[in-house]
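Comments concern the structure below.
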Amino acid sequence: MNVKDNIIAIQKAIPNNVTLVAVSKTMSEELIMDAYNTGQRIFGENYVQELVDKQTNLPKDIQWHMIGHLQTNKVKQIASFVEFIQSVDSEKLIEEIQKQAKNKNRIINCLIEFSIAEDGSKFGFSEEEFTDFLIRNDISKYPNIRFCGVMGMGSFSDDKEISRREFRNLKTIFSNIKSRFFAEDDNFNKISMGMSNDYEIAIEEGSNVIRVGSKIFGKRIYTNKI
Ligand SMILES: *Cc1c(COP(=O)(O)O)cnc(C)c1O
308 MNVKDNIIAI QKAIPNNVTL VAVSKTMSEE LIMDAYNTGQ RIFGENYVQE LVDKQTNLPK
368 DIQWHMIGHL QTNKVKQIAS FVEFIQSVDS EKLIEEIQKQ AKNKNRIINC LIEFSIAEDG
428 SKFGFSEEEF TDFLIRNDIS KYPNIRFCGV MGMGSFSDDK EISRREFRNL KTIFSNIKSR
488 FFAEDDNFNK ISMGMSNDYE IAIEEGSNVI RVGSKIFGKR IYTNKI
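If you're matching positions, the sequence shown starts at 308 in the numbering used here and goes up one per residue.
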């Protein structure tokens, strides 16, 4: 598995307006540096301790995206450096990110995660829940959060038509929320969907952020360290 060739091939194949997040969870710092040396600067991680360790050891111009379920009591550990939190899946988490970002005098870019998987296996808001949140709360209450768009994970399925339907659903959710609450806000423009197996379909359905792990780094081996 050659990380360099893999990442260059994906970069070449995707449109210019699509951001590639290299998902490096469980991968060594050496493999991350192989990707870094091709020019890749955006990396995604799922586990807080692993993210903190890698951020400490690796070049400071890497933009780290938290993409995994985030417990509120751990926001503090990443608030000083995280570039994006893509997995904002509860009101409690929104409140905590605001608090910790303010403490660090930062504005943290956030994507709202929606549970789009038809197999029901994922975290996230429903459209109704997040709409209700925005009706009850003016986003000016959260000056240290930049609401940048939406994120979703499809079902674990090889059925491309299921993935397509789920992605189409997330695009519709994005458009509804954008037009109702963020029409004037140019920051709210990201639709993060698509992973190694389905990013081409996701792009066809309007994704502009893809999160690709195994197609770059190879199969993940989970150890009990993580
Ligand atoms: C692990 C992970 C990915 C990458 O998955 P691959 O199938 O290896 O590309 C993308 N998004 C999230 C949220 C993940 O947890």
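Cβ coordinates follow ideal geometry from the N, Cα and C atoms, glycine included.
* **Coil, strand or helix - residue 377 by DSSP** => Counted from its first residue, the sequence shown places residue 377 at position 70. DSSP places residue 377 in coil when its eight states are reduced to three.
Exercise for the section: Could you pull out every residue in the same chain whose Cβ sits closer than 6 angstroms to the Cβ of residue 329, ignoring the five residues on either side in sequence? Expected result: One-based indexing of the sequence shown puts residue 329 at position 22. Spatial neighbours of residue 329 in its own chain (CB-CB distance under 6 angstroms, excluding positions within 5 residues in sequence) are listed in chain order as 342, 347, 350, 523.
- Where residue 464 sits in the DSSP three-state scheme: By one-based count along the sequence shown, residue 464 stands at place 157. DSSP places residue 464 in coil when its eight states are reduced to three.
_Given 7 angstroms as the limit, tell me if residue 469 has its C-beta closer than that to any heavy atom belonging to ligand 1._
By 1-based counting over the sequence shown, the position of residue 469 is 162. No.
Q.
Under 7 angstroms: does the beta carbon of residue 374 sit that close to some heavy atom of ligand 1?
A. In the sequence shown, the residue the question calls residue 374 occupies position 67. Checking every heavy atom of ligand 1 against the Cβ of residue 374, one is found closer than 7 angstroms.
How long is the line joining the alpha carbons of residue 338 and residue 352, rounded to whole angstroms? Within the sequence shown, the letter at position 31 stands for residue 338. Within the sequence shown, the letter at position 45 stands for residue 352. The C-alpha of residue 338 lies about 14 angstroms from the C-alpha of residue 352.
With a threshold of 8 angstroms, are at least 3 pairs of Cβ atoms found where one atom belongs to the region 368–381 and the other to the region 394–407? yes
query = Taking the alpha-carbon positions, what's the residue 404 to residue 514 distance?
reply = Translated into positions along the sequence shown, residue 404 becomes position 97. Translated into positions along the sequence shown, residue 514 becomes position 207. The alpha-carbon atoms of residue 404 and residue 514 are separated by roughly 25 angstroms.
Beta-carbon separation (whole angstroms), residue 451 vs residue 409, contact threshold 8 angstroms: On the sequence shown, residue 451 is found 144 positions in, with the first residue counted as 1. On the sequence shown, residue 409 is found 102 positions in, with the first residue counted as 1. The Cβ separation is near 5 angstroms, so the contact holds.
>> Can you tell me which residues form a DSSP beta bridge with residue 365?
In response: Against the sequence shown, residue 365 aligns to sequence position 58. Paired residues: none, contrary to the question.
query: Among 366, 415, 336, which residue has its Cα nearest to the Cα of residue 494?
result: The residue given as residue 494 occupies position 187 in the sequence shown. With distances taken between Cα atoms, residue 494 lies closest to 415.
Under 8 angstroms Cβ to Cβ from residue 325, same chain only, skipping five residues before and after it: list those, please. Along the sequence shown, read from residue 1 onward, the residue named residue 325 stands at position 18. Excluding sequence neighbours, residue 325 sits near 510, 514, 515, 516, 517.
**Study point:** Alpha carbon of residue 361 to alpha carbon of residue 469, nearest angstrom
**Key:** Position 54 of the sequence shown holds residue 361. Position 162 of the sequence shown holds residue 469. Using only the alpha carbons, I get a separation of about 35 angstroms.
Q. Any idea what DSSP makes of residue 491, helix, strand or coil?
A. Counting from one through the sequence shown, the residue named residue 491 turns up at place 184. Residue state, collapsed to three classes: coil.
If I follow the unbroken alpha helix (DSSP H) through residue 522, where does it start and stop? Position 215 of the sequence shown, counted from the start, is the residue given in the question as residue 522. Unbroken alpha helix (DSSP H) run through residue 522: 521–524.
| request: May I ask you to report which of helix, strand or coil DSSP gives residue 515? | output: As a working note, residue 515 is residue 208 in the sequence shown. Of the three classes helix, strand and coil, the one that applies to residue 515 here is coil, per DSSP.
Going by DSSP in three states, residue 533 sits in which element: helix, strand or coil? Here residue 533 is taken as the residue at index 226 of the sequence shown, counted from 1. At residue 533, the pLDDT of 48 sits below 50, so the modelled position is not reliable and the matter cannot be decided from this model.
(message) Rounded to whole angstroms, what is the Cα-Cα separation between residue 457 and residue 506?
(response) For this step, residue 457 is matched to residue 150 along the sequence shown. For this step, residue 506 is matched to residue 199 along the sequence shown. Each residue's Cα considered, the two are about 16 angstroms apart.
Using DSSP bridges, identify the partner residues of residue 415. Within the sequence shown, residue 415 is the residue found at index 108, counting from 1. According to DSSP, residue 415 bridges with 452.
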